[in-house]
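Positions 167 to 292 (the working numbering) are the ones given, in order, by the sequence shown.
Ideal placement from N, C-alpha and C gives every residue a C-beta, glycine not left out.
Given the structure is predicted, the values throughout are model-derived calculations rather than measurements.
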Amino acid sequence: MSQSEKKTTILDSYNLILIRYTDEIWLKSRKVRMRMLNILMDNIVNTLNRENIPFHKYQLSKDATRIFFFFKNDDIPRAIILLRNVFGIYSLSPSLRTSAKLKNIAERTIEVGKSILKKDDSFALR
């Protein structure tokens with residue numbers, strides 16, 4: 167199948183992977199927790215670099231409970247497969263970053279929904 171014939175999937179809409187780390191890290195003192203998070207992020211970066219999976223940037227959430235890695239969407243499926251095996255990761259989710267404005271959320275939802283919703287399906291934003 168050529169690139170132009172490639173079937174569009176829901177993964178084609180995502181632009182980041184949200185990573186949740188194990189609870190044990192959160193139980194540590196702030197100083198130890200930050201050191202462990204830095205080690206975890208280094209392990210993630212090294213794993214991605216070793217397999218030549220490029221990412222744009224990564225950041226820790228404001229409350230330090232999640233790590234966001236930003237990718238081109240065609241790199242996300244490979245990254246998910248690799249990152250499942252990184253010690254310290256509890257779970258990961260392909261995600262889509264957008265603004266907090268309802269209009270933008272609705273636009274992105276419609277964009278993504280075109281590939282997964284059928285004729286009589288519906289959804290709501292509240």
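- Under a 10 Å Cβ-count criterion, Tyr180 is classified as buried, with 16 or more other Cβ atoms of the shown protein chains found around its own Cβ.
- Looking at the DSSP output, Tyr187 sits in a beta bridge with Ile255.
- Using a Cβ-Cβ distance cut-off of 8 angstroms, the stretch 218 to 234 and the stretch 184 to 196 are in contact, since at least three pairs of beta carbons, one from each stretch, lie closer than that value.
- Closest in C-alpha terms to Leu226, from the list Pro220, Ile219, Arg201, Thr213, comes Arg201.
- By the CB criterion at 8 angstroms, Leu291 and Leu268 fall inside the cutoff.
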